[in-house]
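Residue numbers (our numbering), protein chains in the order written: chain F, 104 to 149; chain V, 8 to 354.
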């Protein structure tokens, strides 16, 4: 009996992956942190 | 009760909240679990009266028609379904098929249900009285883990899951029905870990998607597990105004997996010969559990992945978005009549 090939069959279970699902990173470098802080200050002052 | 509603656009804030939640998830987890339903109408219908009463317009027999569960050569005989719920009352609909009752809250020996949810849910999957459930000869194992208000601690649910793992062979437990869940997910969710351990032991776990929809990412835990079968209601917004939880999960898995009717399902009350209607994904999940009991009576060698894959192949699309319908509506006729599919080569 041959193994079934199907995009739903994964090593850890039977499921579909949502390819339109947006993923993001949670890290910021120093420059981004500075921009973020300046934006926050700007919004507060405004 | 502690509820957290979130959308994928507020993931960063959610991450902070979850870090706080995770700190509290120690030996006794304090977030509460809800029974997943809401009473739309409660009506005492003496045996036989429901058919004559035009107000009772949907009941389990109609739900069975919707999922094409007509005359079946199978009844779930000998297949054990464990229910993690509010308890069960000994009524004639269940005959002598309640093979075990365990009370994880008060330690009582005699079976009881001080809420009624567990008795109703069990009737949908396993009732054998005036309203026949999906698998009317299946064996019932009831683990009381929620109180009279339909709430409880995850730690009691996990204790129940551990008990199932230890006693699965003694009671031939093949399916676990969880019409319960929490809308307060935590990182490394211990409930998800627990149900996935059962799954890996060869037990099919069926969970309700919850009623916290329709926003994306509103599936309740442990229905967020990629392994288990997560069930939403096929007819919720149309009939009951309840919205099933919708995917995707936080790790971008499409959920729910499958649909079954969940609006105005009539099933057992706590008093013999009386019935009531409830709506919600709590009612949809046991329809799937019962259907799986029929399948496992026919094909006892199937493992949980095989069962889930066969549900996928046999379900009918309702042309809804994937994160609303999963693979579509349960079709019992197709499920039972199809040849067994073994997803992975055996041993």
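Ideal placement from N, C-alpha and C gives every residue a C-beta, glycine not left out.
CB of residue i within 9 Å of CB of residue j, strictly
i                     : j                     : result
residue 300 (chain V) : residue 166 (chain V) : no
residue 202 (chain V) : residue 89 (chain V)  : no
residue 226 (chain V) : residue 217 (chain V) : yes
residue 86 (chain V)  : residue 195 (chain V) : no
residue 232 (chain V) : residue 214 (chain V) : yes
residue 265 (chain V) : residue 334 (chain V) : yes
residue 294 (chain V) : residue 235 (chain V) : no
residue 96 (chain V)  : residue 298 (chain V) : no
residue 104 (chain V) : residue 135 (chain V) : yes
residue 280 (chain V) : residue 131 (chain V) : no
residue 224 (chain V) : residue 188 (chain V) : no
residue 409 (chain V) : residue 190 (chain V) : Past the boundaries of the shown model lies residue 409 (chain V); chain V is included only from 8 to 354, so the question cannot be answered.
residue 385 (chain V) : residue 198 (chain V) : Residue 385 (chain V) lies beyond the range of chain V shown here (8 to 354); nothing can be said about it.
residue 101 (chain V) : residue 147 (chain V) : yes
residue 106 (chain V) : residue 268 (chain V) : no
residue 243 (chain V) : residue 274 (chain V) : no
Residue i: contacting residues in chain V (beta-carbon distance under 9 Å)
i                     : result
residue 138 (chain F) : Chain V residues near residue 138 (chain F): none, gap ~15 Å exceeds 9 Å.
Where residue i falls, given that 16 or more other Cβ within 10 Å makes a residue buried
i                     : result
residue 115 (chain V) : exposed
residue 145 (chain F) : exposed
residue 129 (chain V) : buried
residue 148 (chain F) : exposed
residue 338 (chain V) : buried
residue 122 (chain F) : exposed
residue 72 (chain V)  : exposed
residue 139 (chain F) : exposed
residue 289 (chain V) : buried
residue 119 (chain F) : buried
residue 92 (chain V)  : buried
residue 282 (chain V) : buried
residue 277 (chain V) : buried
residue 222 (chain V) : exposed
residue 328 (chain V) : exposed
residue 296 (chain V) : buried
Contacts that residue i makes with chain F (C-beta to C-beta distance below 8 Å)
i                     : result
residue 319 (chain V) : 111, 117
Amino acids of chain F, ordered along the chain, whose beta-carbon sits closer than 7 Å to that of residue i
i                     : result
residue 259 (chain V) : 120, 121, 124, 126
residue 255 (chain V) : 121, 124
Residues sharing a beta bridge with residue i, DSSP
i                     : result
residue 322 (chain V) : The partner list for residue 322 (chain V) (beta bridge, DSSP) is empty, contrary to what the question assumes.
residue 214 (chain V) : V:185, V:237
residue 219 (chain V) : V:250
residue 113 (chain F) : F:116
residue 90 (chain V)  : V:149, V:184
residue 120 (chain V) : V:94
residue 266 (chain V) : V:239, V:336
residue 139 (chain V) : V:135
residue 101 (chain V) : The partner list for residue 101 (chain V) (beta bridge, DSSP) is empty, contrary to what the question assumes.
Within chain F, the residues that residue i reaches when beta carbons sit closer than 9 Å
i                     : result
residue 307 (chain V) : Result: empty, since nearest Cβ-Cβ is about 18 Å, beyond 9 Å.
residue 350 (chain V) : 106, 107, 109, 112, 117
residue 3 (chain V)   : The structure shown does not extend to residue 3 (chain V), since chain V is modelled only from 8 through 354, so no value can be given for it.
Inset, instruction - Anything in the stretch 283 to 317 of chain V with a Cβ closer than 8 Å to a Cβ of chain F? List those residues in chain order, please. - result: 312, 315, 316
Legend entry - Short-range partners of chain F found in the stretch 322 to 342 of chain V, where Cβ spacing is below 9 Å: Of all residues in the stretch 322 to 342 of chain V, those with a C-beta nearer than 9 Å to a C-beta of chain F are 329, 330, 333, 334, reading in chain order.
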